[in-house]
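In full-length UniProt numbering, the protein residues as written are 1 to 228. C-beta atoms are modelled at their ideal positions from N, C-alpha and C, and glycine is treated no differently. Treat the numbers as computed from the prediction; the structure is a model and nothing was measured.
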């Protein structure tokens with residue numbers, strides 16, 4: 001009799017585990033989690049928009065990206081495979097594998113034709129051609145020919161760029177101005193965009209800051225950028 005009880009107990013536990021496993025919620029993909037965050041009203045709130053100077057928030061629907069205004073109304077329908085945040089009243093968007101530039105009405109000012117477009121900053125948009133990156137203006141006029149292997153975005157008139165990461169040589173970072181002239185030479189392990197007149201740079205695995213002439217203004221001795 002005791003063995004019968006033990007057997008029944010094992011069966012009941014097994015059934016319980018089986019149903020518990022069946023009822024366990026399916027884990028969400030990274031894409032589904034990203035869509036949830038992008039559509040979260042706590043993230044896309046009027047308060048955040050007004051504080052950050054944002055007119056439109058991105059939202060996702062059926063895997064496509066569009067834009068809502070600060071009241072939550074759809075301003076531009078979700079038809080894009082990818083879309084940058086609006087900057088200087090324009091957004092770079094991807095559709096059918098090609099990137100173009102739209103205005104706040106959702107009209108193309110640069111038709112989709114590029115492998116990639118970055119955001120508009122200091123009046124310039126990065127574009128990729130034949131695996132190299134250059135910059136154009138909002139009218140599609142090339143201002144800086146594609147010759148860089150990696151670029152950040154322009155800020156305060158300067159942009160961090162890097163040497164070729166595909167070679168055996170160490171990848172180095174420097175800064176160009178809005179004409180494409182290298183004004184701070186390739187000598188850093190990493191470089192961040194300029195804020196309040198300084199750019200944070202890494203050298204010998206330590207961080208510091210330089211001014212727009214490349215002069216060190218915060219000694220390069222910090223382990224993390226948050227240390228200063």
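Asked: In this structure, how does DSSP classify residue 171 when only helix, strand and coil are distinguished?; Found: coil
Asked: Could you give the distance in angstroms between the alpha-carbon of residue 84 and the alpha-carbon of residue 58?; Found: 8 Å
Asked: Distance check for residue 213 and residue 60, CA to CA, integer angstroms please.; Found: 42 Å
Asked: Quick test of your reading: residue 101 and residue 110, contact by CB under 8 Å. State the CB separation rounded to the nearest angstrom.; Found: 4 Å
Asked: Hey, would you say residue 55 sits closer than 7 Å to residue 78, going by beta carbons?; Found: no
Asked: Just to confirm, is the Cβ distance from residue 203 to residue 175 under 7 Å?; Found: no
Asked: For residue 213, name the three-state secondary structure that DSSP assigns.; Found: coil
Asked: Under three-state DSSP, which class holds residue 225?; Found: helix
Asked: Hey, out of 114, 82 and 152, whose CA is closest to residue 62's CA?; Found: 82
Asked: Looking at the structure shown, is residue 89 part of a helix, part of a strand, or coil, going by DSSP?; Found: coil
Asked: If the criterion is Cβ atoms closer than 7 Å, does the pair residue 75 and residue 86 meet it?; Found: no
Asked: Taking the CB atoms as reference points, tell me whether residue 135 and residue 163 lie closer together than 7 Å.; Found: no
Asked: Please tell me whether residue 98 and residue 155 are closer than 7 Å, where the distance is taken between their beta carbons.; Found: no
Asked: Residue 114 and residue 133 - do their beta-carbons sit closer together than 7 Å?; Found: no
Asked: DSSP three-state call for residue 145: helix, strand or coil?; Found: strand
Asked: Between residue 129 and residue 146, is the Cβ-Cβ spacing less than 7 Å?; Found: yes
Asked: Cα-Cα, which of 120, 69 and 200 is closest to residue 189?; Found: 200
Asked: Under three-state DSSP, which class holds residue 107?; Found: coil
Asked: By a C-beta neighbour count over all protein chains shown, 10 Å radius and 16 as the cutoff for buried, is residue 173 buried or exposed?; Found: buried
Asked: Could you tell me which residues DSSP pairs with residue 286 in its beta bridges?; Found: Because residue 286 is not part of the residues shown, which for the chain are 1 to 228, the question remains open.
Asked: I'd like to confirm the pairing. Which residues does DSSP put opposite residue 191 in its beta bridges?; Found: 201
Asked: Under three-state DSSP, which class holds residue 84?; Found: coil
Asked: Give the DSSP-derived three-state secondary structure of residue 52 in the structure shown.; Found: helix
Asked: In the structure shown, what three-state DSSP assignment does residue 230 receive?; Found: Lying outside 1 to 228, the shown extent of the chain, residue 230 is not represented and no answer is given.
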